[in-house]
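Respectively, the protein sequence lines represent chains D and W. By the numbering used here, the letter at position 445 of the first sequence is numbered 1362, and the numbering carries on one by one without gaps. By the numbering used here, the letter at position 43 of the second sequence is numbered 67, and the numbering carries on one by one without gaps. Glycine included, each C-beta is placed from N, C-alpha and C at the ideal position. This report concerns only the one structure given below.
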Amino acid sequence: MRVFLSRDASARALGAEAVATAIRAAAPGVELVRTGSRGMVWLEPLLEVETPDGRLAFGPLAAGDVPALFAGGVPGAGHPRCLGPTEDLPWMARQTRLTFARCGVIAPLSPDDYAAHGGLTGLRRALAMEPAAITARITDSGLRGRGGAGFPTGVKWDTVRTAPTRGAPSRKYIVCNADEGDSGTFADRMLMEGDPFCLIEGMVIAGLATGAERGFVYLRSEYPDAVAVMRAAVVAARAATLLGPSVLGSGRAFDIEVRVGAGSYVCGEETALLNSLEGKRPVVRSKPPLPALEGVFGQPTVVNNVITLASVPAILAQGAAGYRDLGIGRSRGTIPLQISGNVRRGGLLEVPFGLTLSEIVDDIAGGTASGRPVRAVQVGGPLGAYFPRALFDTPFGYEEYAARDGLIGHAGIVVFDDTVDMLEQARFAMEFTAHESCGKCTPCRIGAVRGVEVLDRLAGGAPGQEALLRDLCEVMAAGSLCALGGLAPVPVLSALTHFPQDFARERTAA
Amino acid sequence: MSTPPHTDPATVTAAVHAILHDHAGLEGPLLPVLHAVHARFGHIPPEAVPTIADALALGRAEVHGVISFHHEFRSTPAGRRVIRLCRAEACQAVGARALAAHARDRLGIGWNQTTEDGAVTLEAVYCLGLCACGPAALVDGVPVGRVTPGTLDQLVATA
């Protein structure tokens, strides 16, 4: 009899290690498999029990619950703590898990588990295809960059495929951007901790498609668990010939190095990331040249987000059409929504594009944890817009959010109740940008500092500050070199536009 | 705080040479080298900088530029317990601002400072990916969710 318990950082943060120890003590004969997370963070630590009819869910558990839970042997469907079959829980039943199909199901570092649950199918297909056919299939699927910029992945790959290398070292690179710094996002982390071979497989396919034989995973240091899992996965992948001089005996080479950041948000910007890989101070680069033509070490480089690359194996395995048929408008396929902040049910939910914010926040997340009314939702990380309830009919898609002066970013959705002070949130956006600015361009380096000052004066009731703030935001948006300074005005202006009452502190004449 | 005995200049130089040797095959090795030095000493001793610069054919200013850019690299040793508290939006939505104020009051220090007795270093961090179970912290590298003032007091008391 096997039972499953997540080792995801969010489960560990909620006591999963103590629960694991308690299970080993209470039921020494039971095989305890540590998995990634199913994404239902509010149910973590979540224990699953294997039965002939699927896995049964028990959670959230504390270590103290375990002796009673196992008092009559391994608990079954009749146990009062049983939530039912995991796959039948409403959170699971409404998903279309393609990228996260194995996450929470398999032992993350078992190549056998990976292959038994559909892994390597995409790679085997790709090994039998011409590089141009692979990039064409990715283009056909409609897959766009999941890091937030939304650039068509197949087009980027094809640019690298046809780009000439330059001088020594004459090689191309696949760089996975795993510097998931946006608050409210954890899809990359969960994928890497729960199904690291899926990311590796996607990177190998990208290598086959473009002629690159080397890859980097640039992973943020704030994710020590993910770093440990990815490093172990690379070693295991070499042993299983998923990486190495002859991938799956094909004679084609590909290998990966895991690189760890050191606490810098701007390293998630692709050109800063490339400088960091090269050992330079990670300031952003001017574009052009595009990284696809002159990326890391001056060579043609694919830079893709974790989820973009991890979506590739399923697309190759199941065909482009099945993926493209999901979604809305120009947002095709599935998106792993990450729901967090003040919510009753927070976690990761992979669905086709198109859910409205109201469906996500009111229905799926169940409203706030505090029980107070939802006041604002920030979508897309610290550079995303704050939406009021009046915009909750916005369907989840790249263009749909842009049309309302927002962005989906990396699909993080952070919910605030009515105690939030939107002026404070606007100030934080500027403070954060000042803290993380690389300093290369003046609108961001100086503008963000001035932004904090203007908002402080506004909070103190000084007159004329709103016009100054709007003017400053215009300069930052138009004049910054990268998205950090360029998008910092988005949360600020959305807060100002949608929640003007929080900014109305001007002193009236006595 | 007393200086740990292993940070005398000769020890640092020897350790840095060994680390440089271990990273010899890497492309653009500076960041991994700095991480290894940081892991070895708990900070990057200033005397390590010229050794690293010489070995990698970089200027000292270039090495210093990379070290000083990153929030995570310390130039002095940390306390016995390092509490990295998330200050970002998802944690703000569930009380991180008040929690941060409590932490600073309780410890009597600001961000990125260490208590006088060397017990606790408090560092600000902007997202740990634990957004659905905030307020979140990383305590000596271990994730902790739904941190309360009581949790913090206990972490401080046992440091």
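- For D46/W, the enclosing alpha helix (DSSP H) stretches over residues 33-46.
- E965/D is bridged by DSSP to F921/D, A974/D.
- Closest in C-alpha terms to G1101/D, from the list Y1303/D, R1422/D, R1387/D, comes Y1303/D.
- Contact between V1201/D and A1189/D holds: CB atoms are separated by about 5 Å, below the 8 Å threshold.
- In chain order, T1052 place their CB closer than 6 Å to the CB of D1075/D, counting only its own chain and leaving out the 5 sequence neighbours on each side.
- Per DSSP, S1275/D has no beta bridge partner at all.
- Contact check between the segment 951-964 of chain D and the segment 155-162 of chain W: three or more CB pairs, one atom from each, fall below 8 Å, which counts as touching.
- In the three-state reduction of the DSSP assignment, N1192/D falls in the helix class, which pools H, G and I.
- If the five residues before and after M1009/D are omitted, its C-beta is found closer than 8 Å to the C-beta atoms of R955, M957, T1003, all from its own chain and listed in chain order.
- Counting only residues of its own chain and dropping the five nearest sequence neighbours on each side, V1392/D has a CB closer than 7 Å to the CB of P1360, G1364.
- For the segment 1289-1307 of chain D, the beta-carbon criterion of a distance under 7 Å to any beta-carbon of chain W is satisfied by Q1295, P1299.
- Taking a Cβ-Cβ threshold of 7 Å, the residues of chain D close to F97/W are A1179, in chain order.
- Given a length threshold of 4 residues, each whole run of the alpha helix (DSSP H) inside the segment 1016-1081 of chain D is given here in chain order: 1028-1033, 1038-1044, 1048-1058, 1070-1079.
- For V1337/D, the CB contacts under 7 Å within the same chain, skipping 5 residues up- and downstream, are R1292, A1293 in chain order.
- Taking 9 Å as the cut-off between beta carbons, the residues of the segment 56-77 of chain W near chain D are P56, V57, L58, H59, H62, in sequence order.
- In the three-state scheme derived from DSSP, where H, G and I count as helix and E and B as strand, L1000/D is classed as strand.
- Selection I1252/D, E1047/D, V1144/D evaluated against A1104/D yields I1252/D as nearest (Cα-Cα).
- Beta-bridge partners assigned by DSSP to S927/D: none are found.
- Counting C-beta pairs with one atom in each stretch, the segment 1202-1221 of chain D and the segment 1067-1081 of chain D have three or more that are closer than 8 Å, which means they touch.
- If you check each beta-carbon in the segment 139-161 of chain W against every beta-carbon of chain D, the ones closer than 8 Å belong to V149, Y150, C151, L152, G153, L154, C155, A156, C157, G158, A160.
- Here the alpha carbons of A1328/D and I1256/D stand approximately 9 Å from one another.
- Using a 10 angstroms sphere on the CB of M1107/D, the tally of other CB atoms reaches 16 or more, which defines it as buried.
- Contact between the segment 1256-1276 of chain D and the segment 124-134 of chain W is absent, with fewer than three C-beta pairs closer than 8 Å.
- Any Cβ of chain D closer than 8 Å to the Cβ of P173/W would place that residue at the interface, and such an atom is absent.
- Within the DSSP secondary-structure output, R951/D pairs in a beta bridge with L922/D.
- Sequence-distant Cβ neighbours of R1014/D in its own chain, meaning closer than 7 Å and more than five residues away, are E1267.
- Using a C-beta cut-off of 8 Å, the segment 1367-1383 of chain D makes no contact with the segment 1320-1327 of chain D, since fewer than three inter-stretch Cβ pairs fall below that distance.
- Scanning the segment 51-79 of chain W for uninterrupted alpha helix (DSSP H) segments of 4 residues or longer gives 54-65, 72-79, listed from N- to C-terminal end.
- Under the criterion of beta carbons closer than 8 Å, L1401/D and E1353/D qualify as touching, at roughly 7 Å.
- Around A1179/D, the same chain offers S1138 as residues with beta carbons nearer than 7 Å, after the five sequence neighbours per side are excluded.
- Around V1229/D, the same chain offers G1119, I1122 as residues with beta carbons nearer than 6 Å, after the five sequence neighbours per side are excluded.
- In this structure the segment 84-98 of chain W does not lie against the segment 166-178 of chain W, because fewer than three pairs of beta carbons, one per stretch, are closer than 8 Å.
- Under the rule that a run must span 3 or more residues, the beta strand (DSSP E) segments found entirely inside the segment 1247-1300 of chain D read 1251-1258, 1264-1269, 1291-1296.
- Contact annotation: the segment 1221-1236 of chain D does not touch the segment 983-1003 of chain D, with fewer than three C-beta pairs closer than 8 Å.
- Using a Cβ-Cβ cut-off of 8 Å, Q1255/D is close to C155, A156 of chain W, given in chain order.
- As the crow flies, the alpha-carbon of E1187/D is around 7 Å from that of N1094/D.
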